[in-house]
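This report concerns only the one structure given below.
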Amino acid sequence: MLVLSRVVGEMISIGDNITVRILAVNGNHVRFGVEAPKHVNVHRAEIYRRILTKVEPGVPSHDIRDPVA
């Protein structure tokens, strides 16, 4: 895992077309914005887990990995 320190207003680039900008820090809460192409899905981890549990029939459950593991 790459760990980076940023301050409000600074950005992190992921590949050529994804940008994460730090919007606010309030105590131990951080707000950030993600700019990505429309074809790139961006979800909070707990939402993504719920999406993965609604798998289409025929997909073996062992093929589903925890996105934050």
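Numbering-wise (my numbering), the sequence shown opens with residue -19 and increments by one. Built from N, CA and C at the ideal position, the CB exists for glycine as well.
Item to complete: Measuring alpha carbon to alpha carbon, tell me which of GLY(-5), ILE(-6), ASN8, VAL14 ends up nearest ILE2.
Response: Within the sequence shown, residue 2 is the residue found at index 22, counting from 1. Among GLY(-5), ILE(-6), ASN8, VAL14, the Cα nearest to that of ILE2 belongs to VAL14.
Worksheet item: So the beta strand (DSSP E) ARG(-14) belongs to, where does it begin and stop?
Response: Position 6 of the sequence shown, counted from the first residue, corresponds to residue -14. Run containing ARG(-14): none; DSSP gives neither H nor E here.
Discussion item. Checking 8 Å against the spacing of the C-beta atoms, do LEU(-16) and ILE(-8) come in under that value?
Written reply: What you label residue -16 is simply residue 4 of the sequence shown in a count that begins at 1. What you label residue -8 is simply residue 12 of the sequence shown in a count that begins at 1. Between LEU(-16) and ILE(-8), the C-beta spacing is below 8 Å.
Worksheet item: Can you tell me where the beta strand (DSSP E) with ALA4 in it begins and where it stops?
Response: Residue numbering aside, residue 4 sits at position 24 when the sequence shown is read from its first letter. Run containing ALA4: -2 to 6, per the beta strand (DSSP E) assignment.
Worksheet item: Which partner residues of ARG29 appear in the DSSP bridge assignment?
Response: As a first step, residue 29 is located in the sequence shown; it is residue number 49 there, counting from the start. In the DSSP assignment, ARG29 is bridged to no other residue.
Discussion item. Determine whether the beta carbon atoms of VAL5 and VAL(-12) lie at a separation below 8 Å.
Written reply: The residue labelled residue 5 in the question sits at position 25 within the sequence shown. The residue labelled residue -12 in the question sits at position 8 within the sequence shown. Yes. Within cutoff.
Item to complete: Rank LEU32, ARG(-14), LEU(-18) by C-alpha distance to the C-alpha of VAL10 and give the top, closest one.
Response: In the sequence shown, counting from the first residue as 1, residue 10 sits at position 30. Closest option to VAL10, Cα to Cα, is ARG(-14).
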